[in-house]
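Working notes for the structure below.
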Amino acid sequence: MRIALKIDVSTLNAATVGVPRLLKLFEEYQVTASFFFAVDFSGKGKGLLGKAASLLAKSGKAEMSLRESLLAVADAGHEIGLQSNDASAWCKQAAFADADWTSHQLALGMENFEELLGHAPNRFAAPCWQVNAHLFSMEERLEFRYASDVRGKYPFFPSLHNVVSNCPQIPTTLPTLSELMLQPEIGLEQAHEFLYAESRRVLPSGHVYSASADQEGIAHLEFMEKMLIMWKGQEGSLRTLGEIRRELDLEKLPVHQVGWAEVPGRREHLASQSLKVET
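Under the numbering used here, the letters of the sequence shown match residues 19 to 297, in that order.
In structure tokens form, the structure reads like this:
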């Protein structure tokens, strides 16, 4: 059983509270994960940092807190990528956005990421699994090592609206905790059993689990610890998305259409790996 951990860090609270708790937990269980940060620390965005960031930003504390979080992740040996500039804005607008909006948001995110960490990001994960064809084109042009923007079963090159990107997609394969908790037949008490059963299904590159530093890092840290124990048992392994990327033979990687799928526990449709494109 091979599980790659993708950690979404979409809020200031997630970065300054959830991330340190996850780092401590991962150190205890000797786990390495891939963290993807939203980086709008100015407080000007409506969604990411909210009122707390607006107050902190006036003194520079929000920026410092986010920088310390990023540096702590890097120092602990985890992968770091860009999630977005403002996660809330991305979730609401990206699926219908034009090239100018997408390019502007990506440029802002990359600029803020580089200012915080000292180098540009080379991997991206779209918030809320919301994408457009312009994003796929830009990920290729920016020469990202990989992206994790969609739901699916195994890595592929994405095709959308006649745009085929040579930036590999490593999709999320498992349901999230928030999705499981919203299903009446599952809920929090049964979520770990359901998730473990799903992760036992064999996939070519193993599974990818997307955790939220707000959820698994704060409110449900015990759930995260329980999953680490279950996944590491019986010769299981936990790894980064980058390790999946290093295993890929890009010359044999298939091209798949990206469509929109309904996911239990979600109101919005999510970008999803769809039909293989014959090339």
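Think of the CB as a built atom: it goes at the ideal place given N, C-alpha and C, for glycine as much as any other residue.
{"Check": "Give the C-beta separation of L256 and I21 to the nearest angstrom, bearing in mind that I take them to be a contact with Cβ-Cβ under 8 Å.", "Outcome": "5 Å"}
{"Check": "Here's the rule I'm using: 16 or more other beta-carbon atoms within 10 Å means buried, otherwise exposed. How should A113 be labelled?", "Outcome": "buried"}
{"Check": "Kindly confirm or deny that the segment 133 to 148 and the segment 97 to 114 touch, where touching means at least three C-beta pairs closer than 8 Å.", "Outcome": "yes"}
{"Check": "Is R306 helix, strand or coil when you go by DSSP?", "Outcome": "No answer is possible for residue 306: the residues shown for the chain start at 19 and end at 297."}
{"Check": "Once you ignore the five residues that flank V295 on each side, which residues in its own chain have a CB closer than 7 Å to its CB?", "Outcome": "S177, V273, H274 and Q275"}
{"Check": "What distance in whole Å lies between the Cβ atoms of E97 and S52, which are believed to be in contact at a cut-off of 8 Å?", "Outcome": "4 Å"}
{"Check": "Please return the same chain residues whose Cβ sits closer than 6 Å to the Cβ of V35, not counting the five positions on each side in sequence.", "Outcome": "I236"}
{"Check": "Return the first residue and the last residue of the alpha helix (DSSP H) that H152 is part of.", "Outcome": "A151 to R159"}
{"Check": "Thinking C-beta only, is F142 closer than 9 Å to E132?", "Outcome": "no"}
{"Check": "Under a three-way DSSP split, which group does T190 fall into?", "Outcome": "strand"}
{"Check": "Could you give the distance in angstroms between the alpha-carbon of L192 and the alpha-carbon of Y227?", "Outcome": "5 Å"}
{"Check": "In whole angstroms, give me the CA-to-CA distance for V57 and N130.", "Outcome": "6 Å"}
{"Check": "Measuring alpha carbon to alpha carbon, tell me which residue in V37, L268, S292 and E197 is nearest P282.", "Outcome": "E197"}
{"Check": "Who are the Cβ neighbours of V181 in its own chain at under 7 Å, not counting the five residues just before and after it?", "Outcome": "A151, F154 and S155"}
{"Check": "Reducing DSSP to helix, strand and coil, say where Q275 ends up.", "Outcome": "strand"}
{"Check": "By how many angstroms is the C-alpha of S102 removed from the C-alpha of H122?", "Outcome": "11 Å"}
{"Check": "For L135, does the three-state DSSP call read helix, strand or coil?", "Outcome": "helix"}
{"Check": "Going by the DSSP bridge assignment, what does E97 pair with across the sheet?", "Outcome": "S52"}
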